[in-house]
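Undergrad: Going by full-length UniProt numbering, the first residue of the sequence shown is number 1, and it counts up by one from there.
C-beta: ideal position from N, C-alpha, C; glycine also.
None of the values given here were measured: they were computed from a predicted structure.
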Amino acid sequence: MATDDIAPPAQDLPVRPKENTSSSTTQNEPSKPFDIVATYRSLLQSDPEITMSIAAIEALIELMGATPSSTAMELVEKVRTEKAKLLASAPNPLPILAGADAFEQYLLRSLRGQSTAFGSGSASQQPVLSFDDTRQHLLQNRELFAHRAKEAREKIAIWGTRYVSDNKIVLTAGGSRTVTKILLRAAQDESKHFKVIYVQDGNPRSDNAIRELREAGLEVETIVPNKVAFVLGNQKYINLVLVGAEAIVQNGGIVSGMGTAQLAFLTRHVDGSMKRFYVAAETHKIARKTPVADPILRQLGIRQKEISRFEQVAVDPENISELLPEKDEVEYTEPSLIDGFITEQGIMMTSQIWEFTDGYL
């Protein structure tokens, strides 16, 4: 989620909470230890529309309500400790990192009086809130984060509709909820008659998206993955290839489901394919990570089965239970294969992602 500009700290964080806080009345009551991982997983299960980044943010807010802290810095350190536990629990920690980092920066700026609403994208100097006021504000507005994430998807749909052309075909894959929103909104425009070709990869998310699009009256043709190059080279009415992403990294590359990099490569290089490859994603999916060397996914902290070396082929790793299930495995798509990002703040080129992280994270 976009946050406000970072300015050099103008003053120290407020140090002590007010006396007689509401939490003091329950200090002596026994309570179960807070489990950040269980809370995060429960949030994901309770709301199918929530993203992993937003679930991480909400879990950290729950932490604030469940953990007494005597100083602002104690709270910040607790957030960092629990964030580390959450990252360690996930085979693909990038979406969690994106949300947790944004929340931590927002928390720090709130305590310094350097931010307005979370994700507003505009910075202004505010009165320094007390430790308790900051904490109470976040607890009272915990549902606002999920609401703004869903609102962001609606804004992306508005921007994305402009790229869906009359009498043209959109090729998509992966079951992205954000891409589905774009196509459903574009279908409401009576001035446009377009069709969809969907790569059916056996993933339940893709099957659900296909069903939802057809129920809305869209004409959807499904193809198997090994037909993608043929279709891109021979179907001249395709003018847009549109996918989602699990995370965006600082150099403008994306981490997304298997097959995305292949689709981007074929869109760019297949003879006769003069199509644009766009990624639809919320800005809260931008992670402050930059791949600089192979193996890229391992460097980004992603744990999944690897067969990049000879000795790894046809061998099950000992820690296979700790790895991503095969259906959820991801890959990295280079920024050179991406024409742009459709976000709730407008269209961004890959080169703008780094500027965005400098300005908002």
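To the nearest angstrom, how far is it from the Cα of residue 319 to the Cα of residue 92?
TA: Approximately 15 Å between the Cα atoms of the pair.
Undergrad: Taking Cβ positions only, does residue 34 come closer than 8 Å to chain C?
TA: Checking the listed chains, one finds no chain C in this structure; it contains a single protein chain.
Undergrad: Name the two residues that bound the continuous alpha helix (DSSP H) containing residue 172.
TA: Looking at the DSSP string, residue 172 is not in any alpha helix (DSSP H); the run it does join, the beta strand (DSSP E), is 169 to 173.
Undergrad: Hey, could you find the ends of the beta strand (DSSP E) residue 221 is sitting in?
TA: First-last of the beta strand (DSSP E) with residue 221: 220 to 223.
Undergrad: Where do the ends of the beta strand (DSSP E) carrying residue 160 lie?
TA: Taken as a continuous stretch (DSSP letters only), residue 160 belongs to no beta strand (DSSP E), being part of the alpha helix (DSSP H) at 142 to 161.
Undergrad: Distance, Cα to Cα, residue 7 vs residue 67?
TA: Low confidence applies here, because residue 7 scores a pLDDT of 37, under 50, leaving its location unreliable; read the following figure in that light. Their Cα atoms are separated by approximately 28 Å.
Undergrad: Since residue 83 is in the alpha helix (DSSP H), which residue starts that stretch and which ends it?
TA: 72 to 89 is the span of the alpha helix (DSSP H), which, as asked, contains residue 83.
Undergrad: In whole angstroms, what separates the C-alpha of residue 194 from that of residue 87?
TA: One C-alpha to the other measures close to 41 Å.
Undergrad: So the beta strand (DSSP E) residue 194 belongs to, where does it begin and stop?
TA: From DSSP, residue 194 is part of no beta strand (DSSP E); its letter is neither H nor E.
Undergrad: Using the DSSP secondary-structure output, state which residues sit across from residue 333 in a beta bridge.
TA: According to DSSP, which records beta bridges pairwise, residue 333 is partnered with 254.
Undergrad: Okay, do the segment 230 to 242 and the segment 166 to 175 touch, 3+ Cβ pairs below 8 Å being the bar?
TA: Yes, they touch.
Undergrad: Evaluate the contact criterion for the segment 253 to 262 versus the segment 332 to 344: three or more CB pairs, one atom per stretch, below 8 Å.
TA: With a cut-off of 8 Å, the segment 332 to 344 and the segment 253 to 262 count as touching, because enough Cβ pairs lie within range.
Undergrad: What does DSSP give as the partner residue(s) for residue 56 in the beta ladder?
TA: Paired residues: none, contrary to the question.
Undergrad: Just list the residues that DSSP pairs residue 276 with in beta bridges.
TA: Residue 276 is bridged to 240.
Undergrad: With DSSP as the reference, label residue 297 as helix, strand or coil.
TA: Three-state result, residue 297: helix.
Undergrad: So, under 8 Å CB-CB, residue 110 and residue 81 are touching, yes? Tell me the CB distance rounded to an integer number of Å.
TA: Incorrect: roughly 19 Å between the Cβ atoms, too far for contact.
Undergrad: Any idea if residue 179 is buried or exposed, counting beta-carbon neighbours within 10 angstroms, 16 or more meaning buried?
TA: Answer is buried; the Cβ neighbour count reaches 16.
Undergrad: Do three or more CB pairs link the segment 295 to 302 to the segment 263 to 270 at distances below 8 Å?
TA: No, because fewer than three Cβ pairs between the segment 295 to 302 and the segment 263 to 270 fall closer than 8 Å, the two stretches do not touch.
Undergrad: So, at 6 Å on beta carbons, what are the nonlocal neighbours of residue 349 in its own chain, with the 5 sequence-adjacent residues on each side left out?
TA: 340, listed in sequence order.
Undergrad: If you drop the 5 nearest sequence neighbours on each side, which residues of the same chain put their C-beta closer than 6 Å to that of residue 205?
TA: 175, listed in sequence order.
Undergrad: Does the Cβ of residue 236 have 16 or more other Cβ atoms within 10 Å, making it buried, or fewer, making it exposed?
TA: It is exposed - the Cβ of residue 236 has fewer than 16 other Cβ atoms within 10 Å.
Undergrad: If residue 250 sits next to residue 288, beta carbons under 8 Å apart, how far is it from one beta carbon to the other, in whole angstroms?
TA: Their Cβ separation, rounded to whole angstroms, is 6 Å, which keeps residue 250 and residue 288 in contact under 8 Å.
Undergrad: Would residue 244 be called buried (16 or more neighbouring beta carbons within 10 Å of its own) or exposed?
TA: Result: buried.
Undergrad: List the DSSP bridge partners of residue 350.
TA: According to DSSP, residue 350 bridges with nothing at all.
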